[in-house]
Amino acid sequence: MKPQQEKEEFVEVKTREIDGKFYNYLVVGLCFAWSVFQLYLAVDAVNTTISRSVHLAFGVGLIFLLYPVKFHKQAQHKVPFYDIFLLVLGVGVVLYPAVEFYSLAQRPGDYLQIDIIVAFVAIFVIIEAGRRVLGPALGIICAVFLAYDYFGRYMPDVIAHQGASLQKLAGHMFLTTEGIFGVPIGVSVSFIYLFVLFGSLLERAGAGQYFINLAFALLGKFRGGPAKASVIASGLTGMVSGSSTANVVTVGTFTIPLMKKAGLSRVKAGAIEVAAGVNGQLMPPIMGAAAFIIAEFLGMSYTNVMMAAVIPAFACYLSLFFIVHLESCKLGLTGITESEYQSKFKIFLSGLHYLVPIFVLLYTLLIAKESPISAAFNAICSLFLIMIFQEPTKKLAYGEKVGINDVLVGFADIFWAMVAAAKNMTTIAAATALAGIIVGSISLTGLGQVLSDLVEQIAGNNILLILFLTAVMSLILGMGLPTTANYIVVSSLVAPVILILAAKNGFLIPAIAVHLFVFYFGILADDTPPVGIAAYAAAGIAKANPVTVGVQGFIYDLRTTILPFAFFFNPKLLLISSLDPLDPYNADGIVWMSNPLEMALVFAMAVIGMFAFSSILQGYFVNKMRIWERILLVPVVPLALVPNICAKYSIIPNEYVGYAIGALLYGFVFFTQWIYNAKLKKVA
1 MKPQQEKEEF VEVKTREIDG KFYNYLVVGL CFAWSVFQLY LAVDAVNTTI
51 SRSVHLAFGV GLIFLLYPVK FHKQAQHKVP FYDIFLLVLG VGVVLYPAVE
101 FYSLAQRPGD YLQIDIIVAF VAIFVIIEAG RRVLGPALGI ICAVFLAYDY
151 FGRYMPDVIA HQGASLQKLA GHMFLTTEGI FGVPIGVSVS FIYLFVLFGS
201 LLERAGAGQY FINLAFALLG KFRGGPAKAS VIASGLTGMV SGSSTANVVT
251 VGTFTIPLMK KAGLSRVKAG AIEVAAGVNG QLMPPIMGAA AFIIAEFLGM
301 SYTNVMMAAV IPAFACYLSL FFIVHLESCK LGLTGITESE YQSKFKIFLS
351 GLHYLVPIFV LLYTLLIAKE SPISAAFNAI CSLFLIMIFQ EPTKKLAYGE
401 KVGINDVLVG FADIFWAMVA AAKNMTTIAA ATALAGIIVG SISLTGLGQV
451 LSDLVEQIAG NNILLILFLT AVMSLILGMG LPTTANYIVV SSLVAPVILI
501 LAAKNGFLIP AIAVHLFVFY FGILADDTPP VGIAAYAAAG IAKANPVTVG
551 VQGFIYDLRT TILPFAFFFN PKLLLISSLD PLDPYNADGI VWMSNPLEMA
601 LVFAMAVIGM FAFSSILQGY FVNKMRIWER ILLVPVVPLA LVPNICAKYS
651 IIPNEYVGYA IGALLYGFVF FTQWIYNAKL KKVA
């Protein structure tokens, strides 16, 4: 079964399964039309309000068609009358700002009674649509914020405000670009859809299976080969999928059974895939959907967001690879010997064309320095050509005749990839629309300043305590929210507070470090028990307990939890050399590193720090570690990751001395382990 098919089956677990032709034609038609509309937006600018309104209307309409009010066997085989009513009502009210755009523009702030009624009906419909596809958590949070907006004058003094009238609340949340149609859904319209479509096309073309085969060809024969290949395959597919669960399902369907066959337990096989799949959202060039919103919130180019993410992402993946190696050594695992994975060069050549669209994407972003919209559109166009000519080229290579059906295969794959992209986008459209309510509430009530004062009263000036509370908040919210919504909620509430309090404590922190901090912990929520959705997906494939898989996956991902704290205090891990003291929180105030040797040093030490932390957790290096060896590795972690902080508090003269001491300690422990291992082999 193709990876895309596996992914679609997982995505559609809670959707209706109706055999009626009209229903299926309607769903497929809407999905395809949505993708065509988004491609049109990439080549021809449309008014912001109109494009966002139409985008959300497609999402709301598909949700009421695909997702029943409550999932059970009887309801999934028909579309009840109330869902048809909600479909018509929802699409109608969501399109209202687009249809009445010019009329509303002529009377800004002077709303008619019909405007207010439509606005509140739309808010209710969007919350219900979000509940069906995301669960109740985000809708409840939005309802709490709306209540706070209206009843602000009755709140306790510490969080009280004058309150907003129904007219002001309706206008701010629905009839302007401050609430539902604000920045989050704007990014969904302009950037996210195109990249989701790009990933869907790549998977439909067969790139996912190619990456898996390539990883196994390169690593399958080594100790614990299937597990190591799982990490590499998840990293490669994560570069283009930007989804934890899609990563786990696409790659795990193939790798988890092979990991079990190689000797890993069900729990560890599932947990390794969870850790690898979750970290896929950290990998440039696409990362997760929230990365595009980071760029929009901070007013910086997406290219700079990718640059900042490079060292943490690769250090994270290499350390997971190292953990897998340690687990394989502890269990005495061997590699696989199937002949199909021996011809590395042949496998590499078989899918070389899949790399062309990725190179087009990177060239447009990094060298031509065009917008992410142009980059995604160019990559999609190149992928269209590849998919059309892929099958005929294969036939010609084998000396077979090419017919019209071989050409049509490519068009059919493009069509179904566009349909799959729309189905996958329903979740993001609902999440960004609801998150807009929270962002709008903060701008309407001035809640950010209130929270800043409140957090300062609770945590004082202890920046570590504030970061810890932020991390816990992200993990808890992430159990019920998708990564994108989680990031928007927490960053909107807490990011300004962290920056203010960090400055009071003498830390000049780039804003992107704070936003990536929230982003990282939002992603980690995908494997945090008891509701880690990626852990449930992996456990289903591994036939293991999802909570146990989630716990083990989170243990593997503990190494990822130290990275956000590290790059918060050491911006060099984000390739940031220094900040302009007069403009530290603006993108223009960032001075990026330009010395390749310094970049290489920072990256190498980040890897050493992560490897040291992994060995401490696993209790294994070259062999089982003795207590004093684990103790010696403890200072390596801060010396390698945050030497500037060690220097600031006069623990070491400067950060380069810290790097040297950390590397020497790491080398010394490796040498003692190597000698110890040689003695054990001699005795054996």
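Just so we're aligned, residue 1 is where the sequence shown starts under UniProt numbering, counting upward by one.
We put the beta carbon where it would ideally sit given N, CA and C, even for glycine.
Could you tell me which residues DSSP pairs with residue i in its beta bridges?
i	result
Trp592	Ile576
Lys543	Per DSSP, none; premise fails for Lys543.
Lys624	Tyr620
Roughly how many whole angstroms lie between the Cα atoms of residue i and residue j?
i	j	result
Phe411	Ile388	6 angstroms
Ser301	Ser371	8 angstroms
Gly152	Ala33	42 angstroms
Thr427	Ile272	26 angstroms
Phe670	Val409	54 angstroms
Phe124	Glu178	18 angstroms
Val196	Ala308	22 angstroms
Gly619	Val310	28 angstroms
Gly658	Ala315	19 angstroms
Ile576	Leu563	15 angstroms
Tyr536	Arg266	13 angstroms
Thr176	Leu66	29 angstroms
Ala538	Met287	20 angstroms
Asn677	Ala289	46 angstroms
residue 687	Ile323	Limits of the chain in this structure are 1 at one end and 684 at the other, which puts residue 687 out of reach.
Pro482	Asp44	30 angstroms
Val514	Ala495	6 angstroms
Tyr341	Asn304	Summary for Tyr341: the model assigns pLDDT 49, below 50, so the residue's position carries little reliability; its value from the coordinates is reported in the next sentence. Straight-line Cα distance between these residues: approximately 37 angstroms.
Ala207	Ile500	45 angstroms
Under 8 angstroms, do residue i and residue j count as touching if we go by C-beta distance?
i	j	result
Val518	Pro529	no
Phe567	Leu558	no
Ile498	Ile466	yes
Val278	Ala544	no
Glu655	Pro643	yes
Ala217	Ile380	no
Thr393	Ala375	no
Ala262	Pro226	yes
Pro97	Thr49	yes
Val602	Lys572	yes
Gly29	Tyr111	no
Gly448	Ile442	yes
Val183	His55	no
For residue i, count neighbouring Cβ atoms within 10 angstroms of its own Cβ and tell me buried if that reaches 16, exposed if not.
i	result
Gln673	buried
Val13	Here Val13 scores only 39 on pLDDT, less than 50, and its place in the model is too uncertain to base an answer on.
Arg131	buried
Ser165	exposed
Val591	exposed
Glu203	buried
Leu201	buried
Ile256	buried
Gly440	buried
Glu400	exposed
Ala640	buried
Val622	buried
Glu327	buried
Ile458	exposed
Thr15	buried
Tyr40	exposed
Gly299	exposed
Asp157	exposed
Lys423	buried
Gln284	In the sequence as presented, Gln is not what sits at residue 284; that position holds Pro. It counts as buried.
Ala105	exposed
Pro357	buried
Phe359	exposed
Gln552	buried
Please confirm whether residue i has its beta-carbon closer than 8 angstroms to some beta-carbon of chain E.
i	result
Pro312	The chain inventory of the structure shown lacks chain E, comprising one protein chain alone.
I want to know whether the segment 88-104 touches the segment 446-466 - three or more CB-CB distances under 8 angstroms.
Judged by pairs of C-beta atoms under 8 angstroms, the segment 88-104 does not touch the segment 446-466, as fewer than three such pairs exist.
Touch check for the segment 133-150 and the segment 417-436: three-plus C-beta pairs under 8 angstroms?
yes
Touching or not, the segment 502-514 and the segment 447-455, by the rule of three or more beta carbon pairs under 8 angstroms?
no
Three or more C-beta pairs closer than 8 angstroms, one from the segment 592-602 and one from the segment 611-627: is that the case here?
no
Under 8 angstroms: do the segment 252-266 and the segment 486-500 share three or more Cβ pairs, one atom per stretch?
no
Check whether the segment 603-620 and the segment 659-667 touch, using three or more Cβ-Cβ pairs below 8 angstroms as the test.
yes
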